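Numbering (numbering that gives the first Met the number 0), first residue to last: 0 to 287. One structure is given below, encoded as structure tokens.
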Amino acid sequence: MKKLEENKYWIWLNSLKTIGSIKKQKLLKKLKSPERIFYSNQEEIGDIKGIGKKSIKEIFDPILKERIEYEIKYMQENHIKFISIEDDEYPQKLKEIYDYPIGIYIKGNEKILKNHSIAIIGCRDYSEYGKKCAEYFSYNLAREGKIIISGLAKGIDSFAHWGAVKAKEKTIAVVGNGLDTVYPKENQKLIEEILKNDGAIISEYPVGVKPEKNNFPARNRIISGISEGVLVIEAKKKSGTLITVDFALEQGRDVYVVPGNINSINSTGTNDLIKQGATLVSNYKEIE
């Protein structure tokens, strides 16, 4: 993996807030490298569709360019690594999605990003049934050698991570904030256990980015993007879980669903997915 200093211009480009993944791809397509973008002029940038005055102002902001040195220093001191789209460690599966991040920040074991994996997602407001299902599937799939992916959220996500931890196996948490922030705070111990078991915490967001509401739908495309398939355990009719399912379907991932109690609000989304053709599973051996 490249040292942080070698990825300086990638880290700078990735940190620009007013420019999303697609526009960053356009910039790279035209100017070929983040270093050329860093040292470019407004004439070179101005004719790129979608790059407006606000974005141009941010690209040429000298304070932001100077601040990158402090960001790299913080990352070095706190064992945060950066993987750009050009690095060998960047997962191939993620490269294949439409709006892939140009880079990801990571704490922990970058080697497992390319391993066979399954995402396990579901409600924050879980039931005891959902908790048991998440731990059962995660524990057993992890022991079979699959990397468990989830979003470190309260509820089903956390139990999915804990299932892998209890199996003393690897799991990857994809978060919607910078890696200098623990969210939710009660998952500090879980993060420590994930890293102790050679797992990883990853994000597309630079240090300093707080867990804002709008970050999580974008985060969800990465959860499905680095997975071979997605297992849904408890989802309401309208939920972030179903946003992840939509991404998974767009990305050509397999979608598995654990059926739920027809009288539970937590099962309305999952049972609808089954009606729409998702694969019903009741045993971990049914997941490839």
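Glycine included, every Cβ here is placed at the ideal spot set by N, Cα and C. Since the model is a prediction, treat every value here as computed from it, not as a measurement.
Taking just the CA atoms, how far does isoleucine 21 sit from aspartate 98? Along the sequence shown, one-based indexing puts residue 98 at 99. Along the sequence shown, one-based indexing puts residue 21 at 22. Annotation: aspartate 98 to isoleucine 21 spans about 6 Å, alpha carbon to alpha carbon.
In chain order, what residues of the same chain have a beta carbon less than 7 Å from the beta carbon of lysine 184, not counting five sequence neighbours either side? Looking up residue 184 in the sequence shown gives position 185. Closer than 7 Å at the Cβ level, and outside the excluded window around lysine 184, lies no residue.
Please state whether the Cβ-Cβ distance between leucine 15 and isoleucine 58 is less than 9 Å. Within the sequence shown, residue 15 is the residue found at index 16, counting from 1. Within the sequence shown, residue 58 is the residue found at index 59, counting from 1. The Cβ atoms of leucine 15 and isoleucine 58 lie closer than 9 Å to each other.
Could you give the first and the last residue of the continuous beta strand (DSSP E) run that contains alanine 118? On the sequence shown, residue 118 is found 119 positions in, with the first residue counted as 1. In this chain, the beta strand (DSSP E) harbouring alanine 118 covers 116-121.
Just verifying my parser: in three-state terms, what is the DSSP assignment at valine 244? As a position in the sequence shown, residue 244 is number 245, starting the count at 1. Shown here, valine 244 sits in a helix according to DSSP, grouped into three states.
Among Ile96, Lys212 and Ala172, the one whose alpha carbon lies nearest that of leucine 151: Against the sequence shown, residue 151 aligns to sequence position 152. Nearest option by C-alpha distance: Ala172.
Restricting to Cα atoms, I'd like to know which of Ser83, Lys56 and Lys52 is closest to tyrosine 8. The count along the sequence shown starts at 1 and reaches residue 8 at position 9. Of the residues Ser83, Lys56 and Lys52, the one whose Cα lies closest to the Cα of tyrosine 8 is Ser83.
Count the other C-beta atoms from every protein chain shown that fall within 10 angstroms of the C-beta of isoleucine 193, then say buried if there are 16 or more, exposed otherwise. Numbered from 1 along the sequence shown, position 194 holds the residue referred to as residue 193. Classification for isoleucine 193: buried.
Taking just the CA atoms, how far does valine 256 sit from lysine 209? On the sequence shown, residue 209 is found 210 positions in, with the first residue counted as 1. On the sequence shown, residue 256 is found 257 positions in, with the first residue counted as 1. So the alpha carbons of these two residues sit roughly 31 Å apart.
Note down, one range per segment and in chain order, each beta strand (DSSP E) of at least 3 residues found wholly within the segment 58-92. Counting only runs of 3 or more, we get 80-83.
Apart from the five residues on each side of it in sequence, which residues of its chain come closer than 6 Å, Cβ to Cβ, to cysteine 132? As a working note, residue 132 is residue 133 in the sequence shown. Excluding positions up to five away in sequence, the list reads Ile232 and Val257.
Counting only the same chain and skipping the five closest in sequence on each side, list residues whose C-beta sits under 8 Å from that of glutamine 187. Mapped onto the sequence shown, residue 187 falls at position 188. Contacts found: Val181.
Buried versus exposed call for serine 281 [16 or more other C-beta atoms within 10 Å across all chains shown]: Position 282 of the sequence shown, counting from 1, holds the residue named residue 281. Looking at its Cβ environment, which holds fewer than 16 other Cβ atoms inside 10 Å, serine 281 is exposed.
Is the segment 118-138 touching the segment 100-110 in the sense that three or more CB pairs, one from each, lie closer than 8 Å? The segment 100-110 vs the segment 118-138: no contact.
Continuous alpha helix (DSSP H) stretch holding serine 20: start and end: Stepping through the sequence shown from its first residue, residue 20 is reached at position 21. If you look at serine 20, you'll find it in the alpha helix (DSSP H) that goes 20-30.
Quick one: what does DSSP say serine 126 is sitting in, helix, strand or coil? Position 127 of the sequence shown holds residue 126. When secondary structure is reduced to three states using DSSP, serine 126 falls in the coil class, being assigned neither helix nor strand.
Does DSSP put serine 54 in a helix, a strand or coil? As a first step, residue 54 must be located in the sequence shown, where it is residue number 55. Helix at serine 54.
Check whether the segment 117-124 and the segment 40-57 touch, using three or more Cβ-Cβ pairs below 8 Å as the test. No, they do not touch.
Going by other Cβ atoms of all chains shown within 10 Å of its Cβ, with 16 needed for buried, is lysine 23 buried or exposed? Working through the sequence shown from its first residue, we reach residue 23 at position 24. So lysine 23 ends up on the buried side.
Would you kindly work out how many angstroms separate the C-alpha atoms of arginine 142 and glutamate 203, rounded to a whole number? Start at 1 with the first residue of the sequence shown, and residue 142 comes out as number 143. Start at 1 with the first residue of the sequence shown, and residue 203 comes out as number 204. Answer to the nearest angstrom: the Cα atoms are 28 Å apart.
With a threshold of 16 other CB atoms inside 10 Å of the CB of isoleucine 261, please say whether the residue is buried or exposed. Here residue 261 refers to the residue found at position 262 of the sequence shown. Exposed is the call here.
Candidates Ser238, Asn196 and Ala277, of which the one nearest lysine 212 by Cα: Reading the sequence shown from its first residue, position 213 is the one you call residue 212. Taking only the C-alpha atoms, the option nearest lysine 212 is Ser238.
Would you give the residue range spanned by the alpha helix (DSSP H) that isoleucine 261 belongs to? Reading the sequence shown from its first residue, position 262 is the one you call residue 261. No alpha helix (DSSP H) holds isoleucine 261; DSSP gives it neither H nor E.
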